[in-house]
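The structure appears below as structure tokens.
Chains as they are written, first to last, in our numbering: chain A, 52 to 220; chain B, 1026 to 1468.
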């Protein structure tokens, strides 16, 4: 596997990928992490991302797209800078998950898988995120926020809008 | 950050280091960390593998992912000699609704998972372990990655671990959102860079697993139990639990309770006490209606069925499953029609479509229950739902079909009158989901 010339990724991510493809018994094992890490940087899995990852793993673009379409976190269109993912599965549902979802829709003025016109927030209803004992819970990008109320959501949105939110990558 | 909870009835084996900063390797070492793997190595190259497996067998530890398969026996199935490399695979794709125990382990005690992976590796003669976390757990992946880096920096991982002459490496891996990947063969597909569709069995992973090599795959909690078991001895661990159900496990109690949280209780502990004592009883003084005892896939229990011990055998005898230990508590305000619909909506969303009974069954059950929920149902719909679910059972490659069918059957069987009353316009419970929310739903 040779390092790709004219990479679309940042030097850091390109170097990370150069390394990632070498650590597994089969390089293809790097595919799912690479798609997700590329999405973290680019914002979504663009055609260019597919092309370069296919090249890096010596796969057909079709192989990459086949895998890409399976995983719910991978998207082929841009989302907001902060993707708000509201869990409405059973434990969250019982403790107000739908109320939180409705509040987010109202507050942001968008629906499921939509993005605010300023591009700051997008909204997604998601299945169980593994925070059942601290329900209702949401994830904003990769950050968990638990034991929520509509008021706490307002505070969070303001924090993120003001650039004060955490942003784990 | 998850809130840590405690209760006097807890027996802290796995959670002993929670809240003490043990994600840091020095703290972990101070609290008996990496002693178990050294104890195993001290048995010497001839006896080590047999000693680990015998101790695990004696411990009565059964798989904490949900299936409850005896861990020591699973490890013993891996062939001693193999042309292909052998692998240890840690399943941290925790996705069963109601389950968040591995979340706390990765957060509070990631080195226990790493040490457990090494022990499993020594037991089966593997040189490489993988720790696979669901994609949503990025902040936990960072914690585990840092822990792995610390273990390499101390020389605990890599070449010649603890002077044993044995090399052992650990690779961390992220998923990217898929419930089904929690199934062991689907997880191996995902780790090989493919769609997470299940493989047909046999062959089982112990013979043909990851990259075609013999593979031990265990839930993260199962793996994290290995170090304390080796330190305290198999018999001592077994004694903590009930008959044929050794030790303790992490129970995540969620839903309508006063003190939801992840508690470590002995196997066989009373479900009633877990709800009313440990988790503080039903929220706001309401009455208990039902319990989903081990994650969304487990058949629901009614309020008068909860005098049962929380272990694999007693729960099976009670007609349900211990599952993942995620106990979801429903108070009297819950509409079972709505809850059943939300449950099947999840499985319909997650069905990969590989097997027709699951793909079509989950879809038709969801459609039928949606019609019932929207007030257009007939009594025949209830029969149809049960018929569809019963015809999914055992007819799919992986357990997702069963996971969708089992709770559905229990909902319509145990709460049949509520479904019928609902259809006749006499709706029990307070609705949570609106029709608009269903139509515009993300699931």
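Note that beta-carbon positions come from the ideal geometry of N, C-alpha and C, so glycine has one too.
None of the values given here were measured: they were computed from a predicted structure.
Contacts of residue i in chain B (Cβ-Cβ under 8 Å)
i                      : result
residue 194 of chain A : 1164
residue 131 of chain A : None at all; the shortest Cβ gap to chain B is about 15 Å.
Option nearest residue i by Cα separation, candidates the options
i                       : options                        : result
residue 221 of chain A  : A:57, A:77, A:81               : Summary: the structure shown does not reach residue 221 of chain A, with chain A confined to residues 52 through 220, and so no result is reported for it.
residue 1288 of chain B : B:1350, B:1406, B:1442, B:1267 : B:1350
residue 1339 of chain B : B:1293, B:1381, B:1354         : B:1293
residue 1374 of chain B : A:207, A:204, A:178, A:211     : A:178
residue 1336 of chain B : B:1239, B:1319, B:1324         : B:1319
residue 991 of chain B  : B:1072, B:1137, B:1308         : Here chain B comprises residues numbered 1026 to 1468, so residue 991 of chain B is not present and cannot be evaluated.
residue 1409 of chain B : B:1400, B:1423, B:1394         : B:1394
residue 1070 of chain B : B:1190, B:1099, B:1207, B:1168 : B:1190
residue 1432 of chain B : B:1448, B:1361, B:1397         : B:1361
residue 1115 of chain B : B:1251, B:1391, B:1455         : B:1251
residue 171 of chain A  : A:218, A:134, A:184            : A:134
residue 132 of chain A  : A:140, A:85, A:192, A:109      : A:192
residue 196 of chain A  : B:1028, B:1440, B:1366         : B:1028
residue 1076 of chain B : B:1180, B:1255, B:1245, B:1043 : B:1255
residue 79 of chain A   : B:1332, B:1215, B:1265, B:1253 : B:1215
With 16 other Cβ atoms within 10 Å as the buried cut-off, status of residue i
i                       : result
residue 154 of chain A  : buried
residue 206 of chain A  : exposed
residue 152 of chain A  : buried
residue 157 of chain A  : exposed
residue 1089 of chain B : buried
residue 95 of chain A   : exposed
residue 103 of chain A  : buried
residue 1406 of chain B : buried
residue 1106 of chain B : exposed
residue 1124 of chain B : buried
residue 70 of chain A   : exposed
residue 215 of chain A  : exposed
residue 61 of chain A   : exposed
Contact list for residue i against chain A, beta-carbon separation under 9 Å
i                       : result
residue 1281 of chain B : 145, 146
residue 1216 of chain B : 75, 80, 83
residue 1146 of chain B : Neighbours of residue 1146 of chain B on chain A: none; closest Cβ ~15 Å, over 9 Å.
Any chain A beta carbon closer than 8 Å to residue i
i                       : result
residue 1167 of chain B : yes
residue 1236 of chain B : yes
residue 1032 of chain B : no
residue 1353 of chain B : yes
residue 1383 of chain B : no
residue 1036 of chain B : no
residue 1231 of chain B : no
residue 1198 of chain B : yes
residue 1122 of chain B : yes
residue 1274 of chain B : no
residue 1462 of chain B : yes
residue 1359 of chain B : yes
residue 1142 of chain B : no
residue 1028 of chain B : yes
residue 1125 of chain B : yes
residue 1458 of chain B : yes
is_contact[residue i, chain B] using C-beta, thresh 8 Å
i                      : result
residue 184 of chain A : yes
residue 201 of chain A : no
residue 169 of chain A : no
residue 76 of chain A  : yes
residue 197 of chain A : yes
residue 124 of chain A : yes
residue 81 of chain A  : yes
residue 121 of chain A : yes
residue 142 of chain A : yes
residue 70 of chain A  : no
Where residue i meets chain A, residues with beta-carbon distance less than 7 Å
i                       : result
residue 1287 of chain B : 184
residue 1371 of chain B : 140, 178
Contacts of residue i in chain B (Cβ-Cβ under 9 Å)
i                      : result
residue 117 of chain A : 1219, 1220
residue 155 of chain A : Within chain B, no residue comes near residue 155 of chain A; the closest Cβ sits about 12 Å away, beyond 9 Å.
residue 165 of chain A : Under the 9 Å cutoff, chain B gives no residues; its nearest Cβ is about 10 Å from residue 165 of chain A.
residue 214 of chain A : Residues of chain B passing the Cβ test: none, with the nearest at roughly 19 Å.
Closer than 7 Å at the beta carbon, the chain B residues around residue i
i                      : result
residue 87 of chain A  : 1160, 1199, 1201
residue 106 of chain A : Simply none; closest approach about 15 Å.
residue 211 of chain A : Residues of chain B passing the Cβ test: none, with the nearest at roughly 16 Å.
residue 101 of chain A : Under the 7 Å cutoff, chain B gives no residues; its nearest Cβ is about 14 Å from residue 101 of chain A.
Listed by chain order, chain A residues near residue i by CB distance under 8 Å
i                       : result
residue 1375 of chain B : 178
Going along the chain, which unbroken runs of the alpha helix (DSSP H) with 4 or more residues stay wholly within the stretch 1234-1320 of chain B? Counting only runs of 4+ residues, the alpha helix (DSSP H) found wholly inside the stretch 1234-1320 of chain B occupies 1245-1257, 1259-1265, in chain order.
Going residue by residue through the stretch 59-139 of chain A, where are the continuous beta strand (DSSP E) segments of at least 3 residues, counting only ones entirely within it? Counting whole runs of 3 or more residues, the stretch 59-139 of chain A contains the beta strand (DSSP E) stretches 133-138.
Runs of beta strand (DSSP E) wholly within the stretch 1323-1359 of chain B (minimum 3 residues, chain order): Fully contained in the stretch 1323-1359 of chain B are the following beta strand (DSSP E) runs of length 3 or more, in chain order: 1351-1356.
Could I get the ranges of all uninterrupted alpha helix (DSSP H) runs contained in the stretch 1142-1198 of chain B, with 4 residues as the minimum, in chain order? Unbroken alpha helix (DSSP H) runs of no fewer than 4 residues, entirely contained in the stretch 1142-1198 of chain B, are found at 1163-1178, following chain order.
Mind pulling the alpha helix (DSSP H) runs of 4 or more residues that sit fully within the stretch 1069-1097 of chain B? Under the rule that a run must span 4 or more residues, the alpha helix (DSSP H) segments found entirely inside the stretch 1069-1097 of chain B read 1069-1084.
Tell me the start and end of each unbroken beta strand (DSSP E) in the stretch 137-191 of chain A that is at least 3 residues and wholly inside, in chain order. Fully enclosed beta strand (DSSP E) runs of 3 or longer: 172-177, 189-191.
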